[in-house]
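There are 2 protein chains.
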Amino acid sequence: MNSQFKKGVLELIVLLSVNKRDMYGYELVSEVTKVVDVNEGTIYPLLKRLTNENYFETYLVESTEGPSRKYYKLTVLGKSRLEELKKGWIEFSSSVSEFIKECEKGE
Amino acid sequence: MNSQFKKGVLELIVLLSVNKRDMYGYELVSEVTKVVDVNEGTIYPLLKRLTNENYFETYLVESTEGPSRKYYKLTVLGKSRLEELKKGWIEFSSSVSEFIKECEKGE
DNA sequence: ATTTAGTACTTGACAATGCAAGGTAGTAAG
DNA sequence: CTTACTACCTTGCATTGTCAAGTACTAAAT
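Line order of the protein sequences matches chains R and D.
When we follow my numbering, the leftmost residue of the first sequence carries the number 1, and every step to the right adds one.
When we follow my numbering, the leftmost residue of the second sequence carries the number 1001, and every step to the right adds one.
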């Protein structure tokens, strides 16, 4: 897969996931990977950035399977960011798909 | 528009455009901008890279409206690159759209 | 008890892409 | 002869994702 396609979309995928239910980082890696391959070194810095930008709040929950889990929860600001990104993605991807179709028509 | 969505897709848009007909750099800027905003500082280095990777051949044509135009033409290798990218894009964008739909379902 | 495996998070050096800004140079019109 | 438009190219920068390594905690196997 072209790893460049990912840029920017990862943020959307992460916001969508956390919007479904609060999640912790390690869980997000496997959740997000269902859609686009991603590794820890990508997810954790992204979560940090989104938390700094006040899209997430975090809280710790102890686990019996290892160290405490840091859960991420969407803030109100995060929800509006999600809507904005989602709208942007839909517009963008359909205009690209439209262009592809037009080019195929002319062949 | 989220400029990050562009990453990687620009190459696809450029290949699609040149596949329709040979084009020169300056022309490509306005052609590609119909789909995604782009400027010269992005296009020229990209054209150079794609030429170095043997996806393009170039030839000069004199113009009565300014300096000579450097036209870009898709090579056989370029056409296969185009098909590859196009396939990749379609798969990628539909899996993202699918994920968005699933998330909306659960609301 | 100690090793192993799995969970969970962090950090720093790195690569790829796009942008803004600037430079060169030809043609045409005022 | 200056302005404007066409056309091309380069450089330095910011953003984002990747890779590799490291820390630390828990549970189960040896």
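For glycine and all other residues, C-beta sits at the position ideal for the given N, C-alpha and C.
As the structure is a prediction and not an experimental result, all values here were calculated from the model.
Residue of the options minimising C-alpha distance to residue i
i	options	result
K1006 (chain D)	R:S63, R:V96, R:L15, R:L28	R:V96
D37 (chain R)	R:V76, R:S3, R:L77	R:S3
E1065 (chain D)	D:D1022, D:L1016, D:N1019, D:Y1026	D:Y1026
L1077 (chain D)	D:E1057, D:L1028, D:K1048	D:E1057
L12 (chain R)	R:P67, R:Y59, R:G41, R:I90	R:I90
L1015 (chain D)	D:E1062, D:P1067, D:R1081	D:R1081
C103 (chain R)	D:K1070, D:Y1044, D:R1021	D:R1021
Y44 (chain R)	R:E62, R:S63, R:R69	R:R69
S94 (chain R)	D:V1035, D:L1010, D:G1008, D:N1019	D:V1035
Y1112 (chain D)	D:K1087, D:E1083, D:L1047, D:N1039	Outside the displayed span of chain D (1001 to 1107) sits residue 1112 (chain D), for which this structure offers no information.
I100 (chain R)	D:F1099, D:K1101, D:V1029, D:E1083	D:E1083
E62 (chain R)	R:K105, R:K79, R:Y24, R:G8	R:Y24
Y55 (chain R)	R:T75, R:N39, R:G41	R:T75
Contact with chain D by residue i, beta-carbon distance below 8 Å
i	result
K101 (chain R)	no
Cβ of residue i within 8 Å of any chain R Cβ
i	result
K1079 (chain D)	no
K1070 (chain D)	no
Contacts that residue i makes with chain D (C-beta to C-beta distance below 8 Å)
i	result
K86 (chain R)	I1100
F56 (chain R)	Correct list: empty, because the minimum Cβ distance to chain D is about 17 Å.
Within chain R, the residues that residue i reaches when beta carbons sit closer than 8 Å
i	result
S1095 (chain D)	V35, V36
beta-carbon residue i near the ligand NAP non-hydrogen atom, thresh 7 Å
i	result
L1050 (chain D)	The ligand NAP is absent from the structure shown, which contains no ligand whatsoever.
Residues of the segment 2-19 of chain R with a CB closer than 7 Å to any CB of chain D: list them in chain order, please. N2, Q4, F5, K7, G8, V9, I13, L16, N19
Output the residue ranges of the alpha helix (DSSP H) runs that lie fully inside the segment 21-74 of chain R and measure 4 residues or longer, sorted by chain position. 25-33, 40-52
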